[in-house]
Amino acid sequence: MNVSADPAISATTIGTHWNIRHLRQHLQFAIQLEYWTIPFYMAAMYSVKDPTSNAFKLVQAVVNQEMLHVQLACNVANAFGTTIDLEQAFIVPEYQGQNVPHLQFTDGEVDDDPLDPRQNYRPYSAEIGPLDELRINAMCLIEYPEDDVAEPPKLNQRVSEYSTIGEFYRAVQFGATQHVEAIRPNVNQVDIFKNYYRGFPDQTVSSAGVTGLQQVIDLISAITDQGEGVRRTNTVPNRFRNTADGFNEPMDHFARFNLIKDIKRREACYEGVANPPPGSAGAAAQAILVRNFNRFRGDMVSLFNGGSPANFGPNMVTLGGNILDCWRQGAIPRFS
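Taking the UniProt record's numbering, the leading residue of the sequence shown gets 1, the next gets one more, and so forth.
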C-alpha cells in the first residue's frame with residue numbers, strides 16, 4: 001500500500017525544506033505505518049503454539065512497543081496541528097504481496113546504496129501468516145536500520161520512496177525542526193503507556209516553542225531507538241526500555257527479529273487457510289475477529305481525537321484471543 005504525496009503539496013518541498021502540509025502528511029503516514037505492523041506482528045505471534053517460547057516472547061515485546069509507537073506518533077501529529085483523518089490513518093490495513101506502507105527497502109540508487117537488504121532477507125511476504133521464514137524476513141526488513149546518517153536527510157515528496165523506517169523518521173524529525181512555530185501543546189495528548197516506562201514518563205508534547213520541539217524529538221527518538229534506529233547499535237537506551245517485562249529488553253526490534261531468524265529450530269506454528277468454507281468454525285472465528293478489530297479501530301480513532309473509550313484496554317486484549325482462535329480453527333487471521 002504505497003501512498004503518494006498530496007498533489008496539492010508544492011514540489012518546492014523537495015530538497016532541504018518542507019512546507020507545513022508536507023510535514024503534517026508525513027506525520028499521518030507515520031501513524032499509518034506503525035499501526036500496520038500491529039496486526040501483522042500479532043498474527044505471526046499467536047501462530048506460535050508455545051507461548052512460553054523465546055520466539056513468542058520476542059515478538060510480544062515488539063508488539064507492546066508498537067502500540068507505544070502509535071501513541072507517540074499520534075501525539076507528535078496532534079502537536080503540529082495536524083487535522084488527522086484518523087478514519088484514514090486507522091483504515092483497515094492491506095496485507096498484499098510484498099507491499100509495506102511507505103517503504104521500498106532500497107533507494108534504487110545502486111551507486112549510492114549498493115546493498116539491497118532484501119538480498120539477505122528473502123523470500124519475504126507482507127501477507128498475514130504464521131511466524132515462518134516469509135514473515136520473519138519481512139519483519140527484519142521492516143525494522144532494518146539506516147546506515148546513512150549524513151545531514152541533511154532526504155526529504156522525499158513521495159512517502160513510498162523511503163528505504164527504511166529510520167530514514168523516514170529522520171526526515172520527519174528534520175522537517176519538524178523547520179516548523180517550531182506550529183507546535184501546539186496539550187492537543188489530544190495520550191500517555192496510557194507511561195507506567196510501563198519508568199525512565200520515560202513524559203510521553204506527550206506539553207510545551208510550545210523550543211521546549212516543545214525537544215519533546216517532539218524525544219518522542220521520535222523513542223520510536224527509532226526501540227526499533228527503527230538509524231545506527232547499528234542494536235541496543236535500546238536505558239530510558240526507553242520497558243520496565244514491566246524486561247525480556248531481552250536492551251535489544252531493539254531489528255535485533256529481536258534477527259535472533260528469531262537465527263534460531264536453528266523453528267517453533268511449531270498453527271497452519272491455516274485464508275478462506276475457510278462458509279459456515280465452518282474457521283470462518284466464524286474470522287468473522288468475530290473482523291468485528292472486534294473494527295471496534296478496536298473505532299476505539300483508536302476516539303482515543304487520539306481526545307475521547308475516552310471505556311473499553312479500550314479490554315478490547316485490545318480480546319483481539320489476541322480472537323487471533324489465536326482463528327489459528328486454532330485452521331483459519332489465517334483476517335482483519336477485513
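No residue lacks a Cβ here, since even glycine has one placed at the ideal position from N, Cα and C. Every value quoted in this text rests on a predicted model; they were computed, and no experiment measured them.
Per-residue burial, residue i [other beta carbons within 10 Å of its own, 16 or more giving buried]
i	result
P101	buried
R334	buried
R265	exposed
V205	buried
R170	buried
Q60	buried
D111	Bear in mind that the predicted position of D111 carries a pLDDT of just 45, short of 50, making it too unreliable to give a figure here.
N258	buried
Q286	buried
R241	buried
P201	exposed
G209	exposed
V48	buried
V172	buried
E167	buried
P250	exposed
G307	exposed
A89	buried
G199	exposed
R297	buried
R256	buried
R291	exposed
Extent of the continuous alpha helix (DSSP H) to which residue i belongs
i	result
I136	133 to 142
L289	281 to 303
I165	165 to 176
A255	253 to 262
Alpha-carbon to alpha-carbon, residue j and residue i
i	j	result
A244	V76	24 Å
P277	M139	30 Å
V236	S280	45 Å
V187	N78	6 Å
F293	L319	7 Å
E181	N322	45 Å
P114	D299	Its pLDDT being 49, under 50, P114 is placed unreliably in this model, and the coordinates cannot settle the point.
E146	V216	20 Å
residue 363	Q98	A question about residue 363 goes unanswered here, because the residues of the chain that appear run from 1 up to 336.
S336	G129	15 Å
V62	D252	8 Å
T177	M316	34 Å
G282	Q203	40 Å
Q65	A331	27 Å
N275	P309	32 Å
A222	M67	12 Å
K194	F254	23 Å
L219	I165	15 Å
R295	F304	15 Å
S207	Q214	9 Å
H69	G227	10 Å
G272	Q96	17 Å
N238	P117	28 Å
F29	Q119	27 Å
F312	P39	16 Å
R184	G81	7 Å
C269	E133	12 Å
H179	T224	21 Å
F174	Y162	14 Å
Coarse secondary structure for residue i, derived from DSSP in three states
i	result
V317	helix
A268	coil
Y41	helix
A208	coil
A310	coil
Y121	coil
T235	strand
Y197	coil
A30	helix
Y46	helix
Y35	helix
A331	strand
V59	helix
V180	helix
V190	coil
V100	coil
M216	Correcting the residue identity first, residue 216 is Val in this sequence and not Met. Residue state, collapsed to three classes: helix.
V76	helix
C70	Residue 70 is actually Val in this sequence, not Cys. Note: V70 maps to helix in three-state DSSP.
Worksheet item: On the three-pair Cβ rule with 8 Å, is the region 40 to 49 touching the region 317 to 333?
Response: yes
Worksheet entry | Stretch pair the region 58 to 77 + the region 19 to 37: three plus CB contacts closer than 8 Å | yes
Worksheet item: Counting Cβ pairs, one atom from each stretch, are 3 or more of them under 8 Å apart for the region 48 to 59 and the region 187 to 207?
Response: Contact fails between the region 48 to 59 and the region 187 to 207, because fewer than three Cβ pairs, one in each stretch, are under 8 Å apart.
Worksheet item: Are there three or more Cβ pairs, one per stretch, closer than 8 Å when the region 19 to 31 is compared with the region 118 to 125?
Response: no
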